[in-house]
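So the sequence shown is numbered by this note's numbering: it starts at 4 and just counts up by one. The beta-carbon is built from N, C-alpha and C at its ideal position, and this holds for glycine as well.
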Amino acid sequence: MDTRKLGQALNKVNITAFRFFEQVGSTNDLALDWLASGAPEYALVIADAQNAGRGRQGRHWVTTPGASIALSLILYPSQAEQEKLGLFPLASGLAVARAIEEIGVDQVQVKWPNDVLIKRMKTAGVLVESVWEGDRLHGMVIGIGINVQRKSVPAAVGLLYPATCIEDHTTVNVDVITLITGTISNLVHVRTGLLNSKFHENYTSKLAFLKEKVAIRDQVSQSSIGTLEGIDPAGQLLQRLDDGRLQTFAAGDVSLRPI
Ligand code: BTN
């Protein structure tokens with residue numbers, strides 16, 4: 004990546020400081036360390052490759068050199084935002100989806116809670132990690148991984164969900180710096196409306212599998228099968244069971260599959 008060009012582009016969005024690495028373990032780990040030593044809000048860690056990238060539910064996240072985006076953004080949610088912390092992974096996914104649309108890709112959706120799909124295949128994931136001091140939130144790291152080129156797509160064997168990359172859905176050359184700044188500026192914008200009903204509307208309009216039958220599974224219990232109805236004001240998923248009851252799921256360790 005051309006870091007001079009990256010620095011110039013980041014100056015035009017809200018980034019206050021950034022650190023770029025050719026290779027790291029996990030950008031989230033570096034951002035968490037930076038947060039602990041007093042990073043400013045909107046400090047950003049970017050890496051060209053990760054060898055210990057982390058996904059949700061303890062999964063490994065592959066970041067192929069030169070073919071993917073791996074970034075971690077540091078935020079300090081306000082007191083009011085802290086009442087709705089569950090919206091941050093959703094807002095981050097929405098921001099990535101919009102950035103991908105802005106470069107001309109169609110059929111981009113968000114898969115609750117934190118994935119971004121193109122034509123119902125996963126192209127990006129979000130891992131939000133919060134740092135607490137007792138019961139007070141100190142700060143948050145939003146980790147985002149985006150598959151850009153074909154070699155970033157993991158082999159289908161063993162994947163829980165089909166994967167894709169942006170380049171398979173556009174004829175134009177994908178500029179990663181545009182995607183990075185697009186993601187950040189969209190996130191800043193989405194954040195300004197996070198606490199009003201517009202966010203709910205915007206997120207739901209991009210929500211994959213809405214009104215479709217989905218299976219939702221947590222770590223311990225069996226799958227719950229029902230119709231995906233949307234999200235509640237806290238960002239929890241709503242599922243209508245066949246007997247008419249409405250179930251609510253917090254993101255946590257829950258996974259969702261269409262059936
Ligand atoms: C998921 O889909 O499970 C979330 C994947 C999040 C991956 C990103 S890549 C940048 C940041 N650093 C990490 O180690 N993970 C996140």
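Q) Using the rule of at least 16 other Cβ atoms within 10 Å of the residue's Cβ for burial, across every protein chain shown, is aspartate 32 buried or exposed? A) Taking the sequence shown and counting its residues from 1, one reaches residue 32 at position 29. Buried: at least 16 other Cβ atoms inside 10 Å.
Q.
Taking a contact to mean a Cβ-Cβ separation below 8 Å, would you say glycine 107 touches alanine 127 in this structure?
A. Stepping through the sequence shown from its first residue, residue 107 is reached at position 104. Stepping through the sequence shown from its first residue, residue 127 is reached at position 124. Not closer than 8 Å, so no.
Q. With a CB to CB cut of under 6 Å and the five nearest residues on each side skipped, what residues in its chain are close to tyrosine 45?
A. In the sequence shown, residue 45 corresponds to position 42, counting from 1. Once the five neighbours on either side are set aside, the close Cβ partners of tyrosine 45 are Asn17, Ile18 and Thr19.
Q: Please say whether alanine 211 and arginine 123 have beta carbons closer to each other than 8 Å?
A: Here residue 123 refers to the residue found at position 120 when the sequence shown is read from its first residue. Here residue 211 refers to the residue found at position 208 when the sequence shown is read from its first residue. In this structure, alanine 211 lies closer than 8 Å to arginine 123 by Cβ.
Q.
Could you check if threonine 270 belongs to the surroundings of ligand 1, using beta carbon to heavy atom distance under 7 Å?
A. Outside the shown range of the chain (4 to 262) lies residue 270, about which nothing can therefore be said.
Q) Measuring CA to CA, which of Phe24, Glu105, Leu97 and Asp171 is closest to asparagine 150? A) In the sequence shown, residue 150 corresponds to position 147, counting from 1. The option with the nearest alpha carbon to asparagine 150 is Asp171.
Q) When the Cβ atoms of the segment 171–181 are set against those of the segment 191–203, are three or more pairs found closer than 8 Å? A) no
Q: Inspect the beta-carbon positions of leucine 190 and alanine 94 and report whether they are closer than 8 Å.
A: Looking up residue 190 in the sequence shown gives position 187. Looking up residue 94 in the sequence shown gives position 91. For leucine 190 and alanine 94, yes; Cβs fall inside 8 Å.
Q: Verify whether the separation of the beta carbon atoms of alanine 73 and glutamine 53 is less than 8 Å.
A: Translated into the one-based positions of the sequence shown, residue 73 becomes position 70. Translated into the one-based positions of the sequence shown, residue 53 becomes position 50. Result yes, Cβ atoms of alanine 73 and glutamine 53 sit closer than 8 Å.
**Q.** Per DSSP, the bridge partner or partners of threonine 66
**A.** As a working note, residue 66 is residue 63 in the sequence shown. According to DSSP, which records beta bridges pairwise, threonine 66 is partnered with Gln53.
Q) Mind checking serine 155: buried by the 16 CB within 10 Å criterion, or exposed? A) As a working mapping, residue 155 is identified with position 152 in the sequence shown. It is buried - the Cβ of serine 155 has at least 16 other Cβ atoms within 10 Å.
Q. Which residues bound the beta strand (DSSP E) around tryptophan 135?
A. Numbered from 1 along the sequence shown, position 132 holds the residue referred to as residue 135. Element bounds for tryptophan 135: 124–136.
Q. CB arginine 57 to CB leucine 130, shorter than 8 Å?
A. For the purposes of this step, residue 57 is taken as residue 54 along the sequence shown, with counting starting at 1. For the purposes of this step, residue 130 is taken as residue 127 along the sequence shown, with counting starting at 1. Yes, Cβ-Cβ distance for arginine 57 and leucine 130 is below 8 Å.
Q: Look up leucine 259 in the DSSP assignment and say whether it is helix, strand or coil.
A: What you label residue 259 is simply residue 256 of the sequence shown in a count that begins at 1. DSSP places leucine 259 in strand when its eight states are reduced to three.
(Q) If you reduce the DSSP assignment to three classes, tell me which class isoleucine 18 lands in. (A) Along the sequence shown, read from residue 1 onward, the residue named residue 18 stands at position 15. Note: isoleucine 18 maps to coil in three-state DSSP.
Q.
Let me confirm a value: tryptophan 115 is counted as buried when at least 16 other C-beta atoms fall within 10 Å, else exposed. Which label applies?
A. Here residue 115 is taken as the residue at index 112 of the sequence shown, counted from 1. By the 10 Å Cβ count, tryptophan 115 comes out buried.
Q: Count the CB pairs spanning the segment 75–83 and the segment 206–222 that are closer than 8 Å, and state whether there are at least three.
A: no
Q: Decide if proline 236 is buried, meaning its Cβ has at least 16 other Cβ atoms within 10 Å, or exposed.
A: Working through the sequence shown from its first residue, we reach residue 236 at position 233. Exposed is the call here.
Q) Is any heavy atom of ligand 1 found at a distance shorter than 7 Å from the C-beta of arginine 62? A) Your numbering for residue 62 matches position 59 in the sequence shown. Result yes, Cβ under 7 Å from ligand 1.
Q) With respect to 7 Å, is the separation between the Cβ of leucine 74 and the closest non-hydrogen atom of ligand 1 below this value? A) On the sequence shown, position 71 is the one that residue 74 refers to. The answer is yes for leucine 74.
Q.
Could you compute how far the alpha carbon of glutamate 136 sits from the alpha carbon of aspartate 109?
A. Indexing the sequence shown from 1 puts residue 136 at position 133. Indexing the sequence shown from 1 puts residue 109 at position 106. Near 42 Å, if we compare the C-alpha coordinates of aspartate 109 and glutamate 136.
Q) Going straight from the alpha carbon of phenylalanine 21 to that of proline 261, what length do you get? A) Within the sequence shown, the letter at position 18 stands for residue 21. Within the sequence shown, the letter at position 258 stands for residue 261. C-alpha separation (whole angstroms): 38 Å.
**Q.** Boundaries of the beta strand (DSSP E) in which arginine 220 is found, first to last residue
**A.** In the sequence shown, residue 220 corresponds to position 217, counting from 1. That run of the beta strand (DSSP E) goes 216–220.
(Q) Do alanine 218 and valine 152 have their beta-carbon atoms positioned less than 8 Å apart in this structure? (A) Taking the sequence shown and counting its residues from 1, the one referred to as residue 152 is at position 149. Taking the sequence shown and counting its residues from 1, the one referred to as residue 218 is at position 215. Note that residue 152 is glutamine in the sequence shown here, rather than valine. Their beta carbons are not under 8 Å apart, which means glutamine 152 does not touch alanine 218 by this criterion.
(Q) Counting C-beta neighbours from all protein chains within 10 Å, is the total for threonine 167 16 or more, i.e. buried, or is it exposed? (A) The residue given as residue 167 occupies position 164 in the sequence shown. With 16 or more Cβ atoms within 10 Å of its Cβ, threonine 167 is classed as buried.
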